[in-house]
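Just below is one structure, and these are the notes that go with it.
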Amino acid sequence: MHTFERHITSLRSQTLALLAANQARANDQSLSQADREVATFNAAEAHAVLGILDNLKPSLRPEEAGKIAARIRELLKWKD
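Under the working numbering, think of the first position of the sequence shown as 76, with each following residue one higher.
Next comes the structure, spelled out in C-alpha cells:
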C-alpha cells in the first residue's frame, strides 16, 4: 500500500470514529438540545469528509495529496 493510500485509510478510520461519536451524542437525551444539534452538524460534516475521501484518486501528485490530507486532519482535530 502506498503512503497516500495509508494516509487516506488512516483519515477514513478517524473520520468514521468521529462520525460514530457524534451520532451517539446527537441521540444522547442527557445532553442539551444545543449540544445535540452541534453533534448532528458535526456528524454531517464527518459524513461529507468521508465522501471526499471515498472519491480521492490515487493519481494525485504527492504535493496535492499532502495538502488534502493535512486539511482534513486539521478539520478532524478541530472537531475533537
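We put the beta carbon where it would ideally sit given N, CA and C, even for glycine.
- Per DSSP, the continuous alpha helix (DSSP H) segment holding serine 85 begins and ends at 78–101.
- In this structure, alanine 101 and alanine 92 do not form a Cβ contact; the two beta carbons are roughly 15 Å apart against a cut-off of 8 Å.
- Secondary structure note for leucine 128: its alpha helix (DSSP H) is the uninterrupted segment 108–130.
- A residue is called buried once 16 or more other Cβ atoms fall within 10 Å of its Cβ, and asparagine 130, having fewer, is exposed.
- In this structure, DSSP gives proline 133 a state outside helix and strand, which the three-state scheme calls coil.
- The region 134–144 and the region 111–125 do not touch, with fewer than 3 CB-CB distances between them shorter than 8 Å.
- Between the alpha carbons of glutamine 98 and alanine 118 lies a distance of about 6 Å.
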